[in-house]
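>
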Amino acid sequence: MNAALTIVAAGPGVTLQDAGRHGYLRYGVTAAGPMDALAMATANRAVGAAPGATAIEVSLGGIEVAAEGATLPIAIAGGNFEVSIDGQRMPSAVRLALAPGAKLRIRAGSGGAWCYLAVGGRIDVPPMLGSNATHTRSSLGGIDGRALAAGDVLPVRDVGACESDPAALTAPWLARGDDPIRVILGPQDDYFSQAQIDAFCRERWAISHRSDRMAYFLDGASITPANGLNIVSDGIVMGAIQVLGDGRPMVLMADRQVTGGYPKIATVIGPDQGRLAQLRPGSAVRFAVTTIAAAVEARRAERALLDAPVEAVPLVRTPDADVLLASNLISGVSGGE
Amino acid sequence: MSAGEPIFLDAGEAALVVEFGRSIEPAIHNRVLALDAALAKRALPGVVELVPTIRSLMIHYDPLAIDRAALIEAVRGIETGAGETRPARRWTIPCCYDPQFGEDIAQIADMLAMTPERVVALHSSATFQAYMYGFLPGFCYLGGLPPELTVSRRLTIRPPHPSGTIMIGAGMGLITTFAMPTGWWLVGRTPERMFSLARAQTFLAAVGDEIAFEPIDVDTFHALDRRAAAGEIVATMTKLA
Chain H
1160 MNAALTIVAA GPGVTLQDAG RHGYLRYGVT AAGPMDALAM ATANRAVGAA
1210 PGATAIEVSL GGIEVAAEGA TLPIAIAGGN FEVSIDGQRM PSAVRLALAP
1260 GAKLRIRAGS GGAWCYLAVG GRIDVPPMLG SNATHTRSSL GGIDGRALAA
1310 GDVLPVRDVG ACESDPAALT APWLARGDDP IRVILGPQDD YFSQAQIDAF
1360 CRERWAISHR SDRMAYFLDG ASITPANGLN IVSDGIVMGA IQVLGDGRPM
1410 VLMADRQVTG GYPKIATVIG PDQGRLAQLR PGSAVRFAVT TIAAAVEARR
1460 AERALLDAPV EAVPLVRTPD ADVLLASNLI SGVSGGE
Chain U
106 MSAGEPIFLD AGEAALVVEF GRSIEPAIHN RVLALDAALA KRALPGVVEL
156 VPTIRSLMIH YDPLAIDRAA LIEAVRGIET GAGETRPARR WTIPCCYDPQ
206 FGEDIAQIAD MLAMTPERVV ALHSSATFQA YMYGFLPGFC YLGGLPPELT
256 VSRRLTIRPP HPSGTIMIGA GMGLITTFAM PTGWWLVGRT PERMFSLARA
306 QTFLAAVGDE IAFEPIDVDT FHALDRRAAA GEIVATMTKL A
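Sequence lines, in order, name chains H and U.
Per the working numbering, residue 1160 is the first one in the first sequence, and the count goes up by one each step.
Per the working numbering, residue 106 is the first one in the second sequence, and the count goes up by one each step.
Structure representation (structure tokens):
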């Protein structure tokens, strides 16, 4: 039997992603790709895969998977999700061997909105326009351009060697903190008054419950552009903060449309996009203006993390709990909570 | 507005918007196309992807490979040397204006105080230009809408139109590739696919190509639709000198 990962159950919004579908923006094709590229890279690196290799992006809806045909090396990283194998709790960031018959379950945990399940081996589904990144609105990528569902079988080629004992990933960069999200003003900040820009940075926004992979809507003040609501459409990047006619800002995320006709007050810098993505609906968020130079420095630091190997600490079973602990954290700090 | 230095705007630290104007004008779009072509030819290290739009070119770049100042300097050097561009190809795209597809023609005619036949005649005799793709794969925004056909957007969004619907609105034409709700006006439907994974040439037209519509009847529509569904290109292409 060929090695495969079977989807036993999947909540809404669980998709296959990779580094994105690049080169077709000029034809209206969104790149898609991960909401949190650093978290996906961490999971992929932990199983020896390239940072942008095809992996499962797990939403707050959660997922349950099983291995078929072979024991599969798996790594999970991202938000603080609840991870368990056959009911045995694991840390949120973990590398493990999934044997046929065992069920791996990932559910929303104490924080974070997305986590990534990477496989040591290659998830072999037919790429569309050179990529497996799922963009459901245009039916591209993944399996038939849709989100994953119970019964889907993901063939896995070139299965890697498995360490039999689970190990907690040492990835302190995934603890993001709650500093303001850094933005660069523009490209249409001149459509807003200085008072409106100040208000945008002062406001304690809340991530709206309407948010998804396409956009995070912000609940809070109204900042109707002083100089008009409509612009002639121009390009949109991930992280662009556009303001709609009702004065509500929205941050365009991985599944954004590639062009648009609303003024954009600012753009979230690349290295802070994953941190923003991990905020759940209802969470508070603030923005702070930074410079291109500072953003490039942050990007340089992130690039170093993307290229660094991911260390893992073997887990030991605790006598009084069903949680496996990293052996160097035995003093009582659970890797999973 | 089309002459003079472009404005450089930042869309974050990894994308630069070179803006030639803020309105829909052929002269502005031509400058976008000229810079797009020149930059593609130049293949600067660190330039990742170019996105031509109606009035600006978005340059996605890797700021760890090329810094903003160097990129702007390179663009300035290229821009001053960029000449006029002309469309290289003309696509004649079959379009059925029958009321079952061109649902809004009667209403457009009422709004513009002309006959429905005049609406069709104006639309099918115009030379459009592919100005920009956006919204979804293959959604092609067209410049060159005859001024007589200028209508404002609908006050409310209408229910989804089918894929292949030809629309007008916002001073432009539009060819659609997915069923979507819209604030634009439906004038017809083409059996052609601007975007199809079923054929080797995934996207029909490039930004800058000329586009014209050839009226067809309902029977021809269905016959061509079957061929297009099988992966055949049913529009005709003419190379322009």
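All residues carry an ideal CB built from backbone N, CA and C; glycine is no exception.
All figures in this text were calculated on a predicted structure; none of them were measured in a lab.
1. Please name the residue, chosen from H:ALA1460, H:GLY1170, H:VAL1475 and H:ALA1320, that lies closest to ARG1305 of chain H on a Cα-to-Cα basis.
2. Please list the partners that VAL1391 of chain H has in chain U, where partner means a Cβ-to-Cβ separation under 7 Å.
3. Taking C-alpha atoms, which residue in U:PRO320, U:LEU114 and U:TYR246 lies nearest to ALA226 of chain U?
4. Which residue from H:TYR1186, H:GLY1192, H:GLY1172 and H:THR1174 puts its Cα closest to that of ARG1180 of chain H?
5. Can you tell me whether ARG298 of chain U is buried or exposed? The criterion is at least 16 other CB atoms within 10 Å of its CB, across all chains shown.
6. Distance check for GLU154 of chain U and HIS1368 of chain H, CA to CA, integer angstroms please.
7. Express the C-alpha separation of SER268 of chain U and GLN212 of chain U in angstroms, rounding to a whole number.
8. Helix, strand or coil for TRP290 of chain U per DSSP?
9. Select from U:LEU114, U:ASN135, U:ALA328 and U:ILE338 the residue whose C-alpha is nearest the C-alpha of CYS367 of chain U.
10. Which first and last residues belong to the alpha helix (DSSP H) in which VAL1455 of chain H is found?
11. Residue range of the beta strand (DSSP E) that GLN234 of chain U falls in?
12. State the Cα-Cα distance for the pair ASP1371 of chain H and ASP1195 of chain H, rounded to the nearest angstrom.
13. From H:SER1381, H:TYR1375 and H:LEU1344, pick the residue whose C-alpha is nearest to that of VAL1362 of chain H; which is it?
14. Should VAL1475 of chain H be flagged as near chain U, meaning a C-beta pair shorter than 9 Å?
15. By the three-class DSSP mapping on this structure, what secondary structure does GLN1247 of chain H have?
16. Assuming VAL1391 of chain H and ILE129 of chain U form a contact by the criterion Cβ under 8 Å, report the distance between their Cβ atoms to the nearest whole angstrom.
17. Kindly list the residues whose CB is nearer than 6 Å to the CB of VAL156 of chain U, restricted to its own chain and excluding five residues on each side of it in sequence; keep chain order.
18. What's the C-alpha gap between ALA1178 of chain H and PRO1325 of chain H?
19. Who are the neighbours of LEU1184 of chain H on chain U, taking C-beta pairs under 9 Å?
20. At what residues does the beta strand (DSSP E) containing ILE273 of chain U begin and finish?
21. Are the beta-carbon atoms belonging to ARG63 of chain U and PHE206 of chain U less than 9 Å from one another?
22. In terms of DSSP beta bridges, what is ARG1266 of chain H paired with?
23. List the residues of chain U that ALA1454 of chain H touches, going by C-beta distances under 9 Å, in chain order.
24. Output the residue ranges of the beta strand (DSSP E) runs that lie fully inside the segment 1325-1350 of chain H and measure 3 residues or longer, sorted by chain position.
25. Quick one: list the residues of chain H neighbouring PRO286 of chain U, beta-carbon separation under 9 Å, in chain order.
26. Shortest alpha-carbon distance to ALA1460 of chain H belongs to which of H:VAL1469, H:HIS1294 and H:TRP1332?
27. Which word fits LEU114 of chain U, buried or exposed, when buried means at least 16 other C-beta atoms lie within 10 angstroms of its C-beta?
28. Roughly how many whole angstroms lie between the Cα atoms of PHE1240 of chain H and ALA1234 of chain H?
29. Answer yes or no: does any C-beta atom of chain H fall closer than 9 Å to that of THR220 of chain U?
Walking through what the data contain:
1. If we check each option's Cα against that of ARG1305 of chain H, H:GLY1170 comes out closest.
2. Within chain U, the residues near VAL1391 of chain H are ARG127, SER128, ILE129, ILE159 and ARG160.
3. Answer by Cα proximity: U:PRO320.
4. Distances from the CA of ARG1180 of chain H to each of H:TYR1186, H:GLY1192, H:GLY1172 and H:THR1174 were compared; the closest alpha carbon is that of H:GLY1192.
5. It counts as buried.
6. Near 33 Å, if we compare the C-alpha coordinates of GLU154 of chain U and HIS1368 of chain H.
7. Answer to the nearest angstrom: the Cα atoms are 21 Å apart.
8. In this structure, TRP290 of chain U counts as strand in the three-state DSSP scheme.
9. With chain U running from 106 to 346 in the structure shown, residue 367 of chain U is simply not present.
10. Element bounds for VAL1455 of chain H: 1451-1466.
11. Where GLN234 of chain U is concerned, the enclosing beta strand (DSSP E) stretches over 233-238.
12. For the pair ASP1371 of chain H and ASP1195 of chain H, the Cα-to-Cα distance works out to about 13 Å.
13. Inspection of the sequence shows that residue 1362 of chain H is occupied by Glu rather than by Val. Relative to the Cα of GLU1362 of chain H, the nearest Cα in the group H:SER1381, H:TYR1375 and H:LEU1344 belongs to H:SER1381.
14. VAL1475 of chain H does not count as touching chain U.
15. Looking at GLN1247 of chain H - three-state DSSP - the assignment turns out to be strand.
16. Going by Cβ atoms, the distance from VAL1391 of chain H to ILE129 of chain U rounds to 6 Å, so yes, they are a contact pair.
17. Excluding positions up to five away in sequence, the list reads MET163.
18. Spanning the two alpha carbons is a distance of roughly 27 Å.
19. Listed along chain U are GLU154, LEU155, VAL156, MET163, HIS165 and TYR238, each with a C-beta nearer than 9 Å to that of LEU1184 of chain H.
20. That run of the beta strand (DSSP E) goes 270-274.
21. The shown model of chain U, from 106 to 346, leaves out residue 63 of chain U, and the question about it has no answer.
22. The secondary-structure analysis by DSSP pairs ARG1266 of chain H across a beta bridge with H:GLU1241.
23. Correct list: GLY117, GLU118, ALA119 and PRO168.
24. 1326-1329 and 1340-1344, all fully within the segment 1325-1350 of chain H.
25. For a Cβ distance threshold of 9 Å, nothing in chain H lies close to PRO286 of chain U: the least Cβ distance comes to about 13 Å.
26. Considering only alpha carbons, the answer is H:TRP1332.
27. With 16 or more Cβ atoms within 10 Å of its Cβ, LEU114 of chain U is classed as buried.
28. For PHE1240 of chain H and ALA1234 of chain H, the distance between alpha carbons rounds to 13 Å.
29. With a threshold of 9 Å between beta carbons, THR220 of chain U makes no contact with chain H.
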